[in-house]
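First up is the structure itself, then whatever we jot down about it.
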Amino acid sequence: SGVQGSRVNVLKIEDLKGEIPLTSCMINLVVSFDRNEDEEIKRVLVPGRGRAVFVSENDRVYARPKLPGSGDWTHQYGDAGNTTSTKETLAGATGTHEFTIQWVGRPGADFGIDRNPRMPAPLSSGGRLFHQGMNRLVALDAHNGSVLWSIEAPDLRRVNIPRDCGNWCADKNNLYVAIKDLAWIFDSESGERLQTVKVPGDQAAEVEWGYIGRIADTLVGSSTTADASYKSFWSGKMWYDGKGGEVGTQQVCSDKIFGYSLKGPEAKLSWQYENGVILNPTISCADGYLYFVETRNTEITLQENRRISDKSLWLDQFLVCINAENGKLIWEKPIDTEDGLITFYLQATNDQLILTASNTKFHIYTFDAKTGESGWSKSSNWADDHHSGHMQHPVVTKDKLYLQPNGYDLNSGEILTTKMGKREGCHTYVGAGDALLYRGKSRQISMWSKETESVTSWPRLRPSCWLNTIPASGMILIPEGGGGCSCGGWMETSLGFIPRKHLNNTAAE
Numbered sequence: 334s335g336v337q338g339s340r341v342n343v344l345k346i347e348d349l350k351g352e353i354p355l356t357s358c359m360i361n362l363v364v365s366f367d368r369n370e371d372e373e374i375k376r377v378l379v380p381g382r383g384r385a386v387f388v389s390e391n392d393r394v395y396a397r398p399k400l401p402g403s404g405d406w407t408h409q410y411g412d413a414g415n416t417t418s419t420k421e422t423l424a425g426a427t428g429t430h431e432f433t434i435q436w437v438g439r440p441g442a443d444f445g446i447d448r449n450p451r452m453p454a455p456l457s458s459g460g461r462l463f464h465q466g467m468n469r470l471v472a473l474d475a476h477n478g479s480v481l482w483s484i485e486a487p488d489l490r491r492v493n494i495p496r497d498c499g500n501w502c503a504d505k506n507n508l509y510v511a512i513k514d515l516a517w518i519f520d521s522e523s524g525e526r527l528q529t530v531k532v533p534g535d536q537a538a539e540v541e542w543g544y545i546g547r548i549a550d551t552l553v554g555s556s557t558t559a560d561a562s563y564k565s566f567w568s569g570k571m572w573y574d575g576k577g578g579e580v581g582t583q584q585v586c587s588d589k590i591f592g593y594s595l596k597g598p599e600a601k602l603s604w605q606y607e608n609g610v611i612l613n614p615t616i617s618c619a620d621g622y623l624y625f626v627e628t629r630n631t632e633i634t635l636q637e638n639r640r641i642s643d644k645s646l647w648l649d650q651f652l653v654c655i656n657a658e659n660g661k662l663i664w665e666k667p668i669d670t671e672d673g674l675i676t677f678y679l680q681a682t683n684d685q686l687i688l689t690a691s692n693t694k695f696h697i698y699t700f701d702a703k704t705g706e707s708g709w710s711k712s713s714n715w716a717d718d719h720h721s722g723h724m725q726h727p728v729v730t731k732d733k734l735y736l737q738p739n740g741y742d743l744n745s746g747e748i749l750t751t752k753m754g755k756r757e758g759c760h761t762y763v764g765a766g767d768a769l770l771y772r773g774k775s776r777q778i779s780m781w782s783k784e785t786e787s788v789t790s791w792p793r794l795r796p797s798c799w800l801n802t803i804p805a806s807g808m809i810l811i812p813e814g815g816g817g818c819s820c821g822g823w824m825e826t827s828l829g830f831i832p833r834k835h836l837n838n839t840a841a842e
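Remember, the working numbering sits 333 above the position in the sequence shown when you count from 1.
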């Protein structure tokens, strides 16, 4: 195969006797003379990427399909709509007791910066897990934790994500990473850098690639100034837990947004949009449409700085919808919401847009995704004013919206529950099938069942201080993000949990 060394572990079995002595969903390649142990072979193969070769059938290859109901986590908040959820069902599991450990391993705490600066979320697509560390990234097999490849990139760093946007995204075959003024496009399996794509334009000043998203056959990006994104992580102020006007609450903004077509072998610039200053945390996409909030106030547009706390940022704002494939303006609406002095998020589904501003409490606004017309709006008090309680990112799953402590009917705004699992410590909630993942009781990783409103937890496991626990590839994936924590005796290692129901499930997706 041309592959040598520690990447390959071979298990030779003389007589299976009806059972392969390995856990399910673990093996990348099985070579068998015949198909006498067909079900066992299917059981142990890695879903999606695992292959079996049968010698007696002229080296016929069997490819195991993905696990039923599995989903991918391709962008910072799950999907391009920033819903903080995916289509992952976790086989219906809603409690930690319904899972078992699939793998434990690398990377460890020394791979990352620290738990505090709120780094980009990991990604998972095509059966792989991607995780960022201190100016580096690593690709793992999502189902067995094997390291596929890694790179060191001195300019790869972005923190304080609640005031910015993610710096990478993924699809089934490729990983897209924003580094300085380029998007690096990697082959997800090998780590080969296939090409780089530059922020368009002949800029007089140094610029960087801000937002990055894969929308169908278009790579969407935004252009910001070189000093706009947060990179500092040392000292207590770099916890980025402040309130309005304090260090780290400034919004990272972009001057323009653009699209590169990925239909050919080389990415080709297809459109650019520039009509104001775009707030990066609001860039979202659903159903082929790109949405964002921009200000056209001249006090802001004439500034050189794009890390902004000026109150004029909240004046002359427009909610904008453009076609993600060709950049055509579909509609725009002037809006006047509460100022997002702490955080300002936009989420998109096929039917609705949800804007959440935080200043002295949470303020939720909804809009029709097709027209931009206003829907319902509500305000709610923070559960806490520290440890991320005042900057939580909402979760949108199906027809519901969750923002601590309430669950809302997404269509009407009716409060459906006030009993969301109580969060303790930093981290934001994550939609995980019929449950929510979060940092719960005794600051452990916890699951809250939407149906029973019960809470279960994993002892001695803590997440990062923003988002590192994701449901994807049929599993719960937790690349280490809690290193440096001083509030408990935590296990600082990466883990993968799999629903017990999947252990004997060899059915096709």
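Backbone N, C-alpha and C fix where the C-beta goes; we use that ideal spot for every residue, glycine too.
Since the model is a prediction, treat every value here as computed from it, not as a measurement.
So, helix, strand or coil for residue i, using DSSP?
i	result
Asn507	strand
Asp643	coil
Trp664	strand
Asn369	coil
Gly578	coil
Gly804	Reading the sequence as shown, one finds Pro at residue 804 and not Gly. Looking at Pro804 - three-state DSSP - the assignment turns out to be strand.
Asp443	helix
Asn739	strand
Ser787	coil
His696	strand
Glu632	helix
Lys420	coil
Glu842	Reliability of the predicted coordinates at Glu842 is poor, the pLDDT of 45 falling under 50, and the value obtained from them is presented with this limitation in mind. Here Glu842 sits in coil by DSSP.
Thr615	helix
Asn837	helix
Arg772	strand
Thr429	helix
Cys759	coil
Within 10 angstroms of its Cβ, does residue i collect 16 or more other Cβ (buried), or is it exposed?
i	result
Glu842	At Glu842, the pLDDT of 45 sits below 50, so the modelled position is not reliable and the matter cannot be decided from this model.
Arg393	exposed
Val343	exposed
Ser827	buried
Lys783	buried
Val363	buried
Ala538	exposed
Thr582	buried
Ser334	Residue placement at Ser334 is flagged as unreliable, the pLDDT there being 47, under the threshold of 50; the coordinate-derived value follows with that caveat. It counts as exposed.
Arg376	buried
Taking the alpha-carbon of residue i as reference, which of the options has the nearest alpha-carbon?
i	options	result
Thr689	Pro727, Trp715, Lys703	Pro727
Gln536	Arg547, Ile548, Glu522, Ala559	Ala559
Leu810	Trp823, Val763, Gly773, Lys661	Val763
Thr407	Arg382, Asn369, Pro455, Glu370	Pro455
Arg526	Tyr544, Ile512, Ala396	Ile512
Glu637	Thr557, Trp709, Leu749	Thr557
Trp572	Ser787, Asn449, Thr750, Glu671	Asn449
Val585	Gln685, Ile611, Val510	Ile611
Ala424	Gly534, Arg491, Met808, Arg376	Met808
Asp520	Lys505, Lys531, Gly534	Lys505
Phe651	Ile675, Asp620, Lys644, Gly705	Gly705
Ser555	Cys502, Asp717, Leu734, Tyr606	Tyr606
His719	Ala765, Trp799, Thr422, Ser710	Trp799
Met467	Asp474, Asp443, His476, Leu473	Asp443
Ser403	Gly459, Thr615, Thr417	Gly459
Determine the direct distance from the alpha carbon of residue j to that of residue i, and round the result to whole angstroms.
i	j	result
Leu679	Phe366	55 angstroms
Trp436	Trp647	47 angstroms
Ile803	Leu770	8 angstroms
Lys420	Pro401	11 angstroms
Pro380	Cys358	6 angstroms
Thr699	Ala486	40 angstroms
Ile434	Ile831	6 angstroms
Arg461	Asn739	33 angstroms
Gly441	Met753	31 angstroms
Glu541	Leu515	7 angstroms
Glu390	Glu347	19 angstroms
Glu757	Glu372	44 angstroms
Tyr624	Asn415	11 angstroms
Gln465	Pro453	7 angstroms
Ser691	Ser712	10 angstroms
Gly577	His723	10 angstroms
Ile545	Lys596	17 angstroms
Leu635	Thr628	12 angstroms
Ile675	Ile353	54 angstroms
Ile778	Arg793	8 angstroms
Discussion item. Runs of 3 residues minimum, wholly inside the stretch 461-507: which ones carry the beta strand (DSSP E) assignment?
Written reply: 461-465, 469-474, 480-485, 501-503
Item to complete: For the stretch 373-414, list the beta strand (DSSP E) runs that are entirely contained and at least 3 residues long, ordered along the chain.
Response: 384-387, 393-396
Worksheet item: In chain order, which alpha helix (DSSP H) runs of at least 4 residues are fully inside the stretch 529-603?
Response: none
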